[in-house]
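*Asks:* Numbering (full-length UniProt numbering), first residue to last: 1 to 137.
#1: Taking a contact to mean a Cβ-Cβ separation below 8 Å, would you say residue 17 touches residue 89 in this structure?
#2: With burial defined as no fewer than 16 other Cβ atoms inside 10 Å of the residue's Cβ, what is the status of residue 94: buried or exposed?
#3: Whose C-beta lies closer than 8 Å to the C-beta of residue 50 among residues of the same chain, with five residues either side of it excluded?
#4: Relative to the alpha-carbon of residue 124, which residue among 74, 92, 110, 41 has its alpha-carbon at the smallest distance?
#5: Do residue 21 and residue 121 have their CB atoms nearer than 8 Å?
#6: Can you tell me where the alpha helix (DSSP H) holding residue 33 begins and where it ends?
#7: Figure out for me which residue from 3, 130, 7 has the closest Cα to the Cα of residue 81.
#8: Among 118, 115, 103, 76, which has the Cα closest to the Cα of residue 29?
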């Protein structure tokens, strides 16, 4: 079941990345409600104490994401995805987000140098961080 959830999250991230790049807008259903329903269903069908730990990590991510949203030009969907990631991959979500931030820095320095206050798609970086964290850890 664990791998199924990881693949489902990866599909959500890829679809969200495409929407974020193309429209700079991602549906709340895609980023939050559908994954939360899948988590709830998996918890009911396969009760596991690890889910509780992942929920606690997600709560911490909520707080960090809100702070991150306040000080950057990151959008709300990006923060929602950062909140959902720990539910699928646990602590590795922190690595995925760290990788995403590190990989996005050159993009910010080169592309956004011309447009200082322009929002940019961050979900593709989160997707890349997610994939790399799965293979790394």
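Backbone N, C-alpha and C fix where the C-beta goes; we use that ideal spot for every residue, glycine too. Model, not experiment: these values are computed from the prediction.
*Replies:* The answer reads as follows:
#1: no
#2: buried
#3: 90
#4: 74
#5: yes
#6: First-last for residue 33: undefined, no H or E at that position.
#7: 130
#8: 76
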